[in-house]
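K.L.:
Number of protein chains: 2
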Amino acid sequence: MTARQARSEAQRLLDASGVRATPGRVQVLAELVREPNDATAQGLHERLRARGERVGLATVYRTLGVLVEHGIVDALSHSPGELCYRICGGGHHHHLVCTECHRVEELGSCELDEWLERAAAVHGFRATSHRLEVAGVCAGCAGA
Amino acid sequence: MTARQARSEAQRLLDASGVRATPGRVQVLAELVREPNDATAQGLHERLRARGERVGLATVYRTLGVLVEHGIVDALSHSPGELCYRICGGGHHHHLVCTECHRVEELGSCELDEWLERAAAVHGFRATSHRLEVAGVCAGCAGA
DNA sequence: TTTAGTGCAAAAGTTTTGCATGGTC
DNA sequence: GACCATGCAAAACTTTTGCACTAAA
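Written as structure tokens, this is what we have:
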């Protein structure tokens, strides 16, 4: 994907969510569009600077906050003390992360709700939400 | 549970795992024994100091690291940038956390493995481990 | 003109590390 | 003596906030 394509896709995503497409936001989101897996705020900032785009670290954090708030990106925390961000399909889903190469796949369907409701009820809980992260080894890494 | 009981339970847990029962470790672990839910490193440190026990914050962190390494306690991260620790029963299990009072229950049985294997295989992954955290409202808070 | 976004620097917060000290095997 | 644990302080690191400035509605 070219830089121009990434920027236009970023613009489209922002427009679709009614978020003003400011320069900083387009830069950050375009960088995420080019990233098939997930990236940290620091990592995104470094890449943008390396690419010659003048964007502040605070703007990267503020932008990611806005993007998460509008559901344009998801925040994952597979290592403590550090959040990773990723563009995600809509709806409820979970992630499959390769422990070797950090590739991320989405698990489209989630068939946990019914089981969860029963399991929670045993403890007197009403389950309202859940987060599942699956670690594994992807086909590429298993072969190597 | 009295302070003496907590300390002796802590000692037992350390012995059972072959971890040397030094003063700092017994203090930290005894504090976790008294805690039905989970606690942060900072919180444990504060409580120990308030109780008059002279223990350094670094020791609390180092001890928690050792305890996690030996599977004596679990580290949960339900808020980013901060880990919570908790004594856990052995074996594979998941947590049910009340969003109101932060009470934590263990979900004893995990019936996800079969479903997960199939779901991962669709993406060419071999699932090796998973982590599930369920948020909900406990009976007490639902009533209030 | 009023609001929203941005860059920079400083601050806040958690966790780790260096180093000297004291206890244990 | 060698090693491990500990306290303290300093450092590292991620993330947030204050403030001045700019651009946009």
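Protein sequence lines, in the order shown, are assigned to chains A and B. Numbering that gives the first Met the number 0 applies: residue 0 is where the first sequence begins, and numbers increase by one. Numbering that gives the first Met the number 0 applies: residue 0 is where the second sequence begins, and numbers increase by one. C-beta: ideal position from N, C-alpha, C; glycine also.
1) For residue 45 of chain A and residue 28 of chain A, what's the separation of their Cα atoms in angstroms?
2) Quick check on the DSSP output: the beta strand (DSSP E) that includes residue 54 of chain B runs from which residue to which?
3) Would you list the one or two residues that DSSP bridges to residue 128 of chain B?
4) Could I get the ranges of all uninterrupted alpha helix (DSSP H) runs contained in the segment 5-35 of chain B, with 4 residues as the minimum, in chain order?
5) My assumption, with CB atoms under 8 Å, is that residue 133 of chain B sits in contact with residue 93 of chain B. Please give the rounded CB distance.
6) Starting from the beta carbon of residue 136 of chain B, find every residue of chain A whose beta carbon is closer than 7 Å, and list them in chain order.
7) Please confirm whether residue 35 of chain B has its beta-carbon closer than 8 Å to some beta-carbon of chain A.
8) Count Cβ pairs between the segment 72-91 of chain A and the segment 18-26 of chain A that sit closer than 8 Å; are there 3 or more?
9) Do residue 37 of chain A and residue 83 of chain A have their C-beta atoms within less than 8 Å of each other?
10) Please report whether the beta-carbon of residue 19 of chain B lies at a distance below 8 Å from any beta-carbon of chain A.
11) Can the beta-carbon of residue 63 of chain B be found closer than 8 Å to that of residue 54 of chain B?
12) What residues of chain B sit near residue 133 of chain A, judged by a beta carbon separation below 7 Å?
13) Once DSSP output is grouped into helix, strand and coil, what is the label at residue 63 of chain B?
14) Starting from residue 105 of chain B and walking both ways along the beta strand (DSSP E), at which residues does that stretch end?
15) Is there a Cβ from chain A that is less than 8 Å from the Cβ of residue 104 of chain B?
16) Any C-beta of chain B sitting closer than 8 Å to the C-beta of residue 80 of chain A?
17) Could you please give the first and the last residue of the uninterrupted alpha helix (DSSP H) stretch that includes residue 119 of chain B?
18) Please compile the residues from chain A whose C-beta is within a distance smaller than 7 Å of the C-beta of residue 95 of chain B.
19) Decide if residue 100 of chain B is buried, meaning its Cβ has at least 16 other Cβ atoms within 10 Å, or exposed.
20) Can you tell me whether residue 121 of chain A is buried or exposed, with buried defined as 16 or more other CB within 10 angstroms of its CB?
21) Give the range of the beta strand (DSSP E) segment to which residue 83 of chain B is assigned.
22) Tell me, please, which residues DSSP counts as bridged to residue 95 of chain A.
23) Applying a beta-carbon distance threshold of less than 9 Å, which residues of chain A neighbour residue 16 of chain B?
24) Please identify the residue among B:18, B:115 and B:110 whose C-alpha is closest to the C-alpha of residue 95 of chain A.
25) Check residue 77 of chain A in the structure and name its three-state DSSP category.
26) Quick check on residue 38 of chain A: does DSSP put it in helix, strand or coil?
27) Anyone know if the C-beta pair for residue 48 of chain B and residue 5 of chain B falls short of 8 Å?
28) Excluding the five sequence neighbours on either side, which residues of its own chain have a C-beta within less than 6 Å of the C-beta of residue 182 of chain A, listed in chain order?
P.N.:
This is what the structure holds:
1) 14 Å
2) That residue, residue 54 of chain B, is in no beta strand (DSSP E); it is neither H nor E in DSSP.
3) A:134
4) 22-32
5) 7 Å
6) 124, 125 and 127
7) no
8) no
9) yes
10) no
11) no
12) 115, 119, 126 and 129
13) helix
14) 103-106
15) yes
16) yes
17) 112-121
18) 119, 122 and 124
19) exposed
20) exposed
21) 81-86
22) A:104 and A:133
23) Per Cβ cutoff of 9 Å: no residues; residue 16 of chain B is ~22 Å from chain A at best.
24) B:115
25) strand
26) strand
27) no
28) With chain A represented from 0 up to 143, any question about residue 182 of chain A goes unanswered, as that position is not in the structure.
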